[in-house]
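Start counting the sequence shown at 2; every next residue gets the next number (the working numbering). In this text, a Cβ means the ideal position worked out from N, Cα and C, and glycines have one as well. Reading through the structure tokens given below for one structure.
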Amino acid sequence: MDIFDSISLIEKARKGVFLFSYGACHADELYEMPCSCPACMKGGKSFSDVLEHNYYAASSELKTIRNAIRNGVFRNLVELRASSQPEIASMLRIFDSTYYKFQEERYPIASKKIISSPLSLKRPDVERFRRRVIGRYIKPPSAKILLLLPCSAKKPYSFSKSHSIFRRAINSCKNPGVVHEVVVTSPLGIVPIELELTYPAAHYDISVTGEWSLDEQEMVKKQLESYLQKNEYDIIINHLPDDISGFLNVGEMTCEGHPTSNSSIEKLSTILRKEAGKYDMVSKSSRIMENIKSILSYQFGNAEIFPEECRIKGKYPNFKIFHKGKQLGMMVESRGMFSLTIEGGKMLAKSNSYFVHIEDFVPHGSVFEVGDVDADKKIRCGDEVVAIHDDEVRAVGVAEMNGEEMVESVRGEAIKVRHYKK
2 MDIFDSISLI EKARKGVFLF SYGACHADEL YEMPCSCPAC MKGGKSFSDV LEHNYYAASS
62 ELKTIRNAIR NGVFRNLVEL RASSQPEIAS MLRIFDSTYY KFQEERYPIA SKKIISSPLS
122 LKRPDVERFR RRVIGRYIKP PSAKILLLLP CSAKKPYSFS KSHSIFRRAI NSCKNPGVVH
182 EVVVTSPLGI VPIELELTYP AAHYDISVTG EWSLDEQEMV KKQLESYLQK NEYDIIINHL
242 PDDISGFLNV GEMTCEGHPT SNSSIEKLST ILRKEAGKYD MVSKSSRIME NIKSILSYQF
302 GNAEIFPEEC RIKGKYPNFK IFHKGKQLGM MVESRGMFSL TIEGGKMLAK SNSYFVHIED
362 FVPHGSVFEV GDVDADKKIR CGDEVVAIHD DEVRAVGVAE MNGEEMVESV RGEAIKVRHY
422 KK
């Protein structure tokens with residue numbers, strides 16, 4: 002922050018108004034001084050006392066803002082301030098609805114935890130997740146039974162106690178490969194279980210009250226409707242509690258009271274055994290490969306980046322992909338996405354996406370944008386990208402800015418290189 006106009010601080014002080022991070026208060030309304038700055042410690046309420054306090058308050062808020070920006074939680078801070086200042090809430094709603102594209106291009110693919118509020122429904126990174134689930138994501142082909150489940154306080158979902166209970170019920174059907182778990186939650190809408198490690202699916206907190214606002218209800222209904230237009234199932238099982246199934250009345254209901262109650266789990270297990278038994282057995286290895294392709298469809302917009310003959314090694318979530326003895330990539334739990342090797346980068350390059358064309362050099366540490374010739378406009382900060390020169394893959398790594406910035410900027414790190422051509 003380069004310039005701060007202090008005129009408003011003086012104007013408020015002239016009116017005897019103390020400024021705080023949560024709003025403003027007139028001196029006559031303060032029975033105790035709620036601040037420990039030097040001005041308030043004196044206990045005075047004169048113009049000079051109020052002005053001195055306002056300067057301290059503004060300085061403190063500026064430091065809070067700078068810290069939030071550096072720590073990647075500025076949006077959380079803005080939503081917190083908006084909760085007590087309607088004018089900020091109004092500006093934020095207008096900004097989100099009018100300038101989604103501008104914001105989304107500059108929001109990193111992964112960031113810090115989202116502290117969800119009603120204003121989070123339109124966060125650019127949340128909206129991007131919903132759009133990619135609808136526009137990019139492709140469900141595993143073997144998944145014939147859609148199982149709608151509630152979210153859990155613990156993330157990732159499958160690591161929680163409640164979802165461990167659901168998983169046991171699914172496994173009891175003897176053919177779990179045909180069952181597809183999709184979590185219904187706010188503010189994300191729906192989360193296919195393969196995406197549980199991605200941002201923001203594994204990185205949000207929301208207060209659970211059992212009450213859904215009309216905006217949340219409408220968002221979830223539209224999200225599921227759009228999802229089902231692209232991804233078809235033979236049967237839908239609705240294992241959602243009353244507060245969700247009351248407005249999301251789809252499929253066969255199996256929840257009786259609490260989703261993990263004995264009667265609910267017994268009913269779920271019974272219908273899963275009945276329906277899953279109608280299909281040919283799906284092997285665990287086959288379903289894992291399908292899950293990985295579903296993740297790739299979300300990450301790169303292309304599920305067929307890697308050949309069919311790939312082999313998967315390791316246990317979830319630390320899967321490694323191999324082809325003809327060469328590692329192509331591995332899933333990184335902290336990012337919920339696949340990181341590529343040079344060999345994997347060569348296959349990504351064939352899809353003509355997430356590329357950065359560079360000058361004739363081999364980057365060993367970082368690629369700075371002064372060496373960029375062109376870059377895919379789909380690239381966002383945090384994306385996995387491949388650096389190419391004359392159709393030769395020179396390096397793979399993580400984008401440190403979006404594709405447009407790589408081409409237009411004159412300074413800064415464009416790619417943090419992980420592997421390079423030797």
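Item, Value
"Given 8 Å, three or more beta-carbon pairs between the segment 358 to 372 and the segment 214 to 221", "no"
"Element boundaries [alpha helix (DSSP H), containing residue 300]", "285 to 301"
"First and last residue of the uninterrupted alpha helix (DSSP H) at residue 7", "Note, residue 7: premise wrong, no alpha helix (DSSP H); not H, not E."
"Opening and closing residue of the beta strand (DSSP E) in which residue 395 lies", "393 to 400"
"8 Å Cβ cutoff met for residue 326 and residue 342", "no"
"Local conformation of residue 17 per DSSP, three classes", "coil"
"Residues that residue 322 bridges to, as DSSP identifies them", "313, 330"
"Length of the line joining the Cα atoms of residue 328 and residue 394", "16 Å"
"Same chain only: Cβ atoms within 6 Å of residue 118, ignoring 5 sequence neighbours per side", "80"
"Counterpart residues of residue 369 in DSSP-defined beta bridges", "414"
"Helix, strand or coil at residue 382 [DSSP, three-state]", "coil"
"First and last residue of the uninterrupted beta strand (DSSP E) at residue 149", "146 to 151"
"Range covered by the beta strand (DSSP E) that runs through residue 220", "Counting along the chain, residue 220 falls outside any beta strand (DSSP E), though it belongs to the alpha helix (DSSP H) covering 215 to 231."
"8 Å Cβ shell around residue 59 - same chain, five flanking residues per side excluded", "5, 7, 10, 20"
"Buried or exposed by the 16-neighbour rule on C-beta atoms within 10 Å, applied to residue 282", "exposed"
"Three-state secondary structure (DSSP) of residue 281", "coil"
"Beta-carbon proximity of residue 141 to residue 381, cut-off 8 Å", "no"
"For residue 340, the first and last residue of its enclosing beta strand (DSSP E)", "338 to 341"
"Residue 296 burial status per 10 Å Cβ neighbour count (16 or more: buried)", "buried"
"Beta strand (DSSP E) runs contained entirely in the segment 185 to 210, provided each spans 3 or more residues", "190 to 193"
"Exposed unless 16 or more other CB atoms sit within 10 angstroms - verdict on residue 171", "buried"
"Residue nearest to residue 186 in terms of C-alpha spacing, selected from 175, 204, 176", "204"
"Separation of residue 376 from residue 400, as counted between CA atoms", "11 Å"
"C-alpha gap between residue 22 and residue 57, whole angstroms", "11 Å"
"Residue 369 and residue 414 closer than 8 Å at C-beta", "yes"
"Identity of the residue in 243, 266, 364 nearest residue 210 by Cα", "243"
"Environment of residue 112 [buried if 16+ CB atoms lie within 10 Å]", "buried"
"Complete alpha helix (DSSP H) runs within the segment 245 to 279 (minimum length 4 residues, chain order)", "263 to 277"
"Coarse secondary structure for residue 375, derived from DSSP in three states", "strand"
"Beta-bridge partners of residue 27, as assigned by DSSP", "18"
"Closest by C-alpha distance to residue 378, when choosing among 403, 388, 392, 390", "403"
"Cross-strand partners of residue 239 (DSSP beta bridge)", "149, 254"
"The segment 129 to 148 contacting the segment 188 to 201, beta-carbon criterion three pairs below 8 Å", "yes"
"Segment contact, 8 Å Cβ cut-off, at least three pairs: the segment 172 to 182 with the segment 262 to 282", "yes"
"Whole-number beta carbon distance between residue 77 and residue 116, since they are thought to touch under 8 Å", "5 Å"
"DSSP bridge partner residues for residue 103 (one or two, in chain order)", "None, per the DSSP bridge assignment."
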